[in-house]
Amino acid sequence: MTELARGVRAYVIIGLLAALSALAGIFTLPPLDRDESRFAQATAQMLETGNFVEINFLDEERNKKPVGIHWLQAVSVAALSDAEAREIWAYRIPSLLGVILAALAAYWGGQKLIGREAAFAGAALFATTVLLGIEGGIAKTDAMLAGCTTLAMAALMNARAGDSPGWKTALLFWFAIGLGALIKGPVTPMVAGLAIIALLIWERGWRWLKPVLTWWGPILAILMVVPWLVSIQIATEGNFLREALGDDLGPKLVSGHERHGGPVGYHLLLLPLLLFPATLFLVPGVGRLVGAIRGKTDMAGAARFLVCWAVPTWLVFELLPTKLPHYVLPAYPALALAAGWGLVEMVKAKAWQRWVSWGLFAFAGVVFAIVIPVAFVMYGNAISWDVVRLAVDGFERGFQFTLDPAVAAWVFVASSLFVGLSTAALISDRVKPGMLALVFAVLAGLGWQLAARGAALPNAYAVRLADQVRAAREYSETITGISPDAIVTASSYTEPSLVFSLGTDTVLGSAEEVLAFAESREEPTMVVLDLSRAPELRAAMMGMGAGDGHGGASNWWSIANSLGACHDGRSQAVGTNYSRGDETVLAIFFTRCAETNPNDPQD
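Counting from 730, one number per residue, gives the positions in the sequence shown under this note's numbering.
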């Protein structure tokens, strides 16, 4: 390990591991997280309007998070794609960079604290953890937040080293604090502040902080945030802070906001799964922390720092009524560095510590080995997005759901590779812990990303309802003779992913509102109705005529007929609403079609 952990080579390896972990599925996964679609759509609207101060989702102000991630996404999209293309991968690049930054910062700071080899092992494990890789492939704040927070903590680790860190350390610290605040408000300052306060109370000494206590540091951080904050307050007439603090942050402090509650211990229960593969060495690492502190060894200061980094932040999020798995990600680098320390000094670990970590790793491996293929079987199918095939077969007959043997084989191979690498890590850890166990553990982490995010999820087309609707719109030219880009969509299926997929001119509302909107237009409209939320409407649109006793539903279908609907209501997108977990059926039809259009299948 000594050679790998030396010089530029170590940074290259860590950076590549982080990049590979995040890249799995980044180009093939659709937007699955509601917030990802909201962030991406708000960024797209910034690019479309040229307004880079206000944050909007359609015509509503989105006054929840600061603007930093939107600016980074806008730069990425402008450089690599464009807003009209709606390519979600371009919006994910800042998250990819955030993951790389977090892993590199963990290694840079960690080697000052716990030594080069332990830091290398810890950073490699952190780079390939399940949670960090997932966030690196999602276009929202948390991966870049992890990068900023880890950089700030790495600067503090560098300051604690005491070898004349200089003004650059202060610059990195305050820049990371400012950027973190611009990305996700108080989280980065909170993590760093809690760690500093805990260390000051524990050690009763502050001299190690002198390298970052510069007069210009806080000014730099303030100047990074305040100009935009003043601008957004003026633009929204004071609504931004009022809503961000009162409507978003406030409810999270007192209840399970937006049904995201959980008991105390929620994050601890998820730790074996989300910190995988670092769990293989975590308990021996915690043993090293406790041993160093109790024994008052030369490494006691390093142990205190990692404890003060992880524990206060962890407790805050465990006690917070609102809980989501990624909330504790800023504490994960400390745990991974502890795991790296445990690996390097495994000979000092007690037998029970090794067995507990072994069991945690094996438990996670078994869970993943079951869940990944099961998820694919439940949601995988062989839908093709070829427009010609769609026009001939798919749209008129409904989308067909069958497992594709070739895709199923690919998922099986990727899952088997993950299982094999995990097994190799477990065996090598028992036979000869050290470099070989680290290699197999890191490869197992990458294997999980490949199997889950690279193979199973991208091919789980049942959750791609927005893609199905977009494919149907591509078929619209066959029916209406009008370019799909000129077709306005009105939908009672209101998931943010649909808006991002179809564009800012998408109209959302109830079934009545959608049909009324289409009726008010002289131009063709693609109408999308969520039948799973309106059983009477579904019955009416499946051909139960106007005299079937369904009242309002029949009236809705009569309105649809009066609009000159091009189809009889049996053109559908069928799948699973990933946010609610419900089976969903969407009826899709076009209105105001040309009567003489030879391509109209109703002619």
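We put the beta carbon where it would ideally sit given N, CA and C, even for glycine.
C-alpha of E846 to C-alpha of A1068: approximately 12 Å in a straight line. Membership of A1316 in the beta strand (DSSP E) is indicated by the continuous run D1311 to F1319.
By the C-beta criterion, the segment 1188 to 1207 is judged not to be in contact with the segment 774 to 782, since fewer than 3 inter-stretch pairs fall below 8 Å.
C-alpha of L885 to C-alpha of L1011: approximately 23 Å in a straight line.
For the pair N785 and F768, the Cα-to-Cα distance works out to about 9 Å. Going by DSSP, M1164 is part of no beta strand (DSSP E) but of the alpha helix (DSSP H) stretching over M1164 to Q1178.
In the DSSP assignment, L1258 falls within the unbroken beta strand (DSSP E) covering T1254 to D1259. With respect to L1066, G851 sits close: the two C-beta atoms are nearer than 8 Å.
Take the alpha-carbon of T757 and the one of A747: they are about 18 Å apart.
Taking the CA atoms as reference points, R1262 sits about 25 Å from P1253. For V782, the secondary structure class from DSSP, reduced to helix, strand or coil, is coil.
A753 sits away from G827, with the two beta carbons spaced by 8 Å or more.
A contact between stretches requires three or more CB pairs, one per stretch, nearer than 8 Å, and the segment 1077 to 1087 fails this requirement with the segment 1025 to 1045.
In this structure, S824 places its C-beta atom within 8 Å of the C-beta atom of A872. Straight across, the Cα-Cα distance linking A1098 with E765 is about 27 Å. Judged by DSSP secondary structure, G991 falls outside any beta strand (DSSP E); it is assigned neither H nor E.
For E765, DSSP assigns no beta-bridge partner whatsoever.
The three-state secondary structure of L1237, taken from DSSP, is strand. Under DSSP, E789 forms a beta bridge with F786.
Shown here, G914 sits in coil according to DSSP, grouped into three states, outside any helix or strand. Under DSSP, T858 takes part in no beta bridge, so it has no partner.
If you check the CB distance, R1159 and W1087 come in under 8 Å. In this structure, the beta-carbon distance from F1147 to A1173 falls below 8 Å.
Taking the C-beta atoms as reference points, V1256 is found nearer than 8 Å to L1244.
Within the segment 973 to 1049, complete alpha helix (DSSP H) segments of at least 4 residues are found at 979 to 983, 995 to 1003, 1011 to 1024 and 1029 to 1048, given in chain order. V796 carries a coil assignment under DSSP once its states are collapsed to helix, strand and coil. Buried is the label assigned to R1199, since at least 16 other Cβ atoms lie within 10 Å of its Cβ. Apart from sequence neighbours up to five positions away, the residues of its chain that approach A1195 with a beta-carbon distance below 6 Å are S1226, L1227 and S1230, ordered along the chain. Classified as exposed, V1103 has fewer than 16 neighbouring CB atoms from the shown chains inside 10 Å of its CB. Taking a contact to require three or more Cβ pairs closer than 8 Å, the segment 886 to 906 and the segment 1048 to 1056 do not qualify as touching. Judged by DSSP secondary structure, G1304 falls within the beta strand (DSSP E) whose first and last residues are Q1301 to N1306. Per DSSP, A835 lies in no beta strand (DSSP E) segment; the continuous alpha helix (DSSP H) that holds it begins and ends at I817 to I843. Shown here for A856: same chain residues with a beta carbon closer than 7 Å to its own, the five before and five after excluded, namely I743, L746, A747, S750 and A832 in chain order. P1006 is classed as buried because its beta carbon has at least 16 other beta carbons within 10 Å across all chains shown.
In this structure, G1094 keeps its C-beta atom at 8 Å or more from the C-beta atom of A1189. Nearest C-alpha to A1302 among L1167, A1316, L830 and V1136: A1316.
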